[in-house]
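S.K.:
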Amino acid sequence: MSYEIVSRPHEQNFIDWSKDKPEVLVLTADLTNSCEVGRWRDIYPDRYFSMGMAEQNMLGMAAGLAREGFEPWLHTFAVFLYRRPLDQLQMSIAYPSLKVRLMGFLPGIMTPGGVTHQAIEDVAVMRSIPNMTILEVGDATEAESILDIAHAIDGPVYIRALRGEVSRIFPKNEPFKFNTARILSTGSDITLITSGIMTEEALRAVPLLQEKGVGITHLHVSTLKPFTDPIVIKALETAKYGVITMENHSIIGGIGSAVAELMAESGSGVALKRIGLKDTYAHGASQKYLMSEYGLDAKALVGEVEKLMSQEFNISESELVEVRTVSVHSSAKAEAL
């Protein structure tokens, strides 16, 4: 399995997209190049605001700008959009339902920066906030097409964004569709729901499982709130052995919880297995190491399928396609964090 690797898909695309939208502004918190808006700043200097390491002030400023008819796009690491400035996020932006776009880079365990930089509970927090829409980028195509989706939403939007070197899994002519899952395969044994970087990881194991005779309906989900997609609801109803979710997030409060809520409300009688962080903090290490260490990889998926179907498929680690790794010092990244 190999995909085109796109270097910084957000950078030039956001510049081009913003050209005819004078209401679009960028606010950053001392992470301009790290969030791929350094060149945007140079091209649109009058629409760029550097707020320093003061996220609470940045969210308050964004609220004021939105009330005046502007559309602020905040670019920083995901953790800095909801942990420290949660009160400003809730009261200044979400409560009045203002059109502020929160671009959260490095979601989950995608950084060696450790717990201070790993947004492992952001979806849980954001799902609980009224008026908030949550989107997640899964590849370069979605990184490029998510802008129009977020722009059209009347209210605050939080985006789990990707930066640096990003795989293109989906064709360029198949853009992001709001609250609509991508159907990657169909089968009646297992329903697999993945999001973000976990979709690429799952695709290392799915073909091998299918070769063993496992019928898998695999859905890639990029709209995390609202979570009312009829495609997802139907797929949950047709799983013979059970449902598996994979997320770059804690298993508490994220997609696994959202799926559990749908299954409970519909009276589903099959089991649910949640792949994600098991109520723990991660630590600083490479993405590949952390995914293996905490059971967020293709091997973990094979194991959960085996449990649900009470079978062993004898798929070795060597059979699972080599994980694509991006060095933290890649030329496409501004810094190791």
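Residue numbers for the sequence shown, in numbering that gives the first Met the number 0: 0 to 336. For every residue, glycine included, the Cβ atom is placed at its ideal position computed from N, Cα and C. Treat the numbers as computed from the prediction; the structure is a model and nothing was measured.
Report the rounded CA-to-CA distance for tyrosine 43 versus alanine 118, giving the unit in angstroms.
M.R.: As a first step, residue 43 is located in the sequence shown; it is residue number 44 there, counting from the start. As a first step, residue 118 is located in the sequence shown; it is residue number 119 there, counting from the start. Straight-line Cα distance between these residues: approximately 29 angstroms.
S.K.: What three-state label does DSSP hand lysine 287 in the structure shown?
M.R.: Here residue 287 refers to the residue found at position 288 of the sequence shown. Lysine 287 falls in the helix class under three-state DSSP.
S.K.: Roughly how many angstroms lie between the CA atoms of leucine 101 and histidine 282, to the nearest whole one?
M.R.: If you number the sequence shown from 1, residue 101 lands on position 102. If you number the sequence shown from 1, residue 282 lands on position 283. So the two alpha carbons sit approximately 25 angstroms from each other.
S.K.: Can you pull the DSSP bridge partners for valine 165?
M.R.: Position 166 of the sequence shown, counted from the start, is the residue given in the question as residue 165. Beta-bridge pairing links valine 165 to Val5.
S.K.: How would you label isoleucine 152, buried or exposed, when you count the other beta carbons within 10 angstroms and need 16 or more for buried?
M.R.: Position 153 of the sequence shown holds residue 152. It is exposed - the Cβ of isoleucine 152 has fewer than 16 other Cβ atoms within 10 Å.
S.K.: Output the residue ranges of the beta strand (DSSP E) runs that lie fully inside the region 61-92 and measure 3 residues or longer, sorted by chain position.
M.R.: 70-76
S.K.: Going by alpha carbons, who is nearest to isoleucine 230 out of Ile128, Asn178, Met90?
M.R.: Taking the sequence shown and counting its residues from 1, the one referred to as residue 230 is at position 231. When only C-alpha atoms are compared, the closest one is Asn178.
S.K.: Once you ignore the five residues that flank arginine 167 on each side, which residues in its own chain have a CB closer than 7 angstroms to its CB?
M.R.: Within the sequence shown, numbered from 1, the residue matching residue 167 stands at position 168. Correct list, in chain order: Tyr2, Glu3, Val5, Asp138, Ala139, Thr140.
S.K.: What are the boundary residues of the beta strand (DSSP E) that includes lysine 224?
M.R.: Residue numbering aside, residue 224 sits at position 225 when the sequence shown is read from its first letter. First-last of the beta strand (DSSP E) with lysine 224: 222-224.
S.K.: What are the start and end residues of the alpha helix (DSSP H) that includes glycine 255?
M.R.: Reading the sequence shown from its first residue, position 256 is the one you call residue 255. Glycine 255 -> alpha helix (DSSP H) spans 254-265.
S.K.: Can you give, in chain order, each stretch of the beta strand (DSSP E) that sits fully within the region 133-167 and has at least 3 residues?
M.R.: Listed in chain order, the complete beta strand (DSSP E) runs (minimum 3 residues) inside the region 133-167 are 156-160, 164-167.
S.K.: Does DSSP classify lysine 306 as helix, strand or coil?
M.R.: Numbered from 1 along the sequence shown, position 307 holds the residue referred to as residue 306. DSSP places lysine 306 in helix when its eight states are reduced to three.
S.K.: Kindly indicate which residue of Ala28, Glu292, Asp228 has the alpha-carbon position closest to the one of glycine 59.
M.R.: As a working mapping, residue 59 is identified with position 60 in the sequence shown. Nearest option by C-alpha distance: Ala28.
S.K.: Could you tell me the distance, in whole angstroms, from the CA atom of glutamate 260 to the CA atom of lysine 20?
M.R.: For this step, residue 260 is matched to residue 261 along the sequence shown. For this step, residue 20 is matched to residue 21 along the sequence shown. Going by the C-alpha atoms only, they are around 39 angstroms apart.
S.K.: To the nearest angstrom, how far is it from the Cα of proline 84 to the Cα of glutamate 54?
M.R.: Along the sequence shown, one-based indexing puts residue 84 at 85. Along the sequence shown, one-based indexing puts residue 54 at 55. Each residue's Cα considered, the two are about 6 angstroms apart.
S.K.: Could you give the residue range of the beta strand (DSSP E) that holds methionine 245?
M.R.: Along the sequence shown, one-based indexing puts residue 245 at 246. That run of the beta strand (DSSP E) goes 241-249.
S.K.: Leaving out five residues before and five after proline 174 in sequence, what residues of the same chain have Cβ atoms less than 7 angstroms from its Cβ?
M.R.: Along the sequence shown, one-based indexing puts residue 174 at 175. Excluding sequence neighbours, proline 174 sits near Thr140, Ser144.
S.K.: Alpha carbon to alpha carbon, how far is isoleucine 189 from alanine 299? Give it in angstroms, no decimals.
M.R.: Here residue 299 is taken as the residue at index 300 of the sequence shown, counted from 1. Here residue 189 is taken as the residue at index 190 of the sequence shown, counted from 1. About 15 angstroms.
S.K.: In the structure shown, what three-state DSSP assignment does valine 25 receive?
M.R.: Here residue 25 refers to the residue found at position 26 when the sequence shown is read from its first residue. Valine 25 falls in the strand class under three-state DSSP.
S.K.: Keeping to the same chain, check which residues put their C-beta closer than 7 angstroms to that of isoleucine 14; ignore five residues upstream and five downstream.
M.R.: Taking the first residue of the sequence shown as position 1, residue 14 is located at position 15. In its chain, beyond the 5 residues on either side, Arg38, Trp39, Ile42 have a beta carbon closer than 7 angstroms to the beta carbon of isoleucine 14.
S.K.: Span of the beta strand (DSSP E) holding alanine 204?
M.R.: Within the sequence shown, the letter at position 205 stands for residue 204. Taken as a continuous stretch (DSSP letters only), alanine 204 belongs to no beta strand (DSSP E), as it is neither H nor E.
S.K.: Is leucine 271 helix, strand or coil by DSSP?
M.R.: As a working mapping, residue 271 is identified with position 272 in the sequence shown. Of the three classes helix, strand and coil, the one that applies to leucine 271 here is strand, per DSSP.
S.K.: Reducing DSSP to helix, strand and coil, say where serine 317 ends up.
M.R.: Locating residue 317 in the sequence shown gives position 318, where the first residue counts as 1. Coil at serine 317, not helix or strand.
S.K.: Please list, in chain order, all residues of the same chain as serine 329 whose beta carbon is under 7 angstroms from its beta carbon, the five residues on each side excluded.
M.R.: Taking the first residue of the sequence shown as 1, we reach residue 329 at position 330. Residue confidence for serine 329 is low, a pLDDT of 46 falling below 50, so the modelled location carries little weight; the figure read from the coordinates is stated next. Around serine 329: Gly163, Glu164.
S.K.: Let me make sure I understand the geometry here. Which of Val304, Asp296, Ser315, Leu24 has the alpha-carbon closest to that of glutamate 199?
M.R.: To locate residue 199, count along the sequence shown from 1; it is residue 200. For glutamate 199, the nearest C-alpha among the options comes from Asp296.
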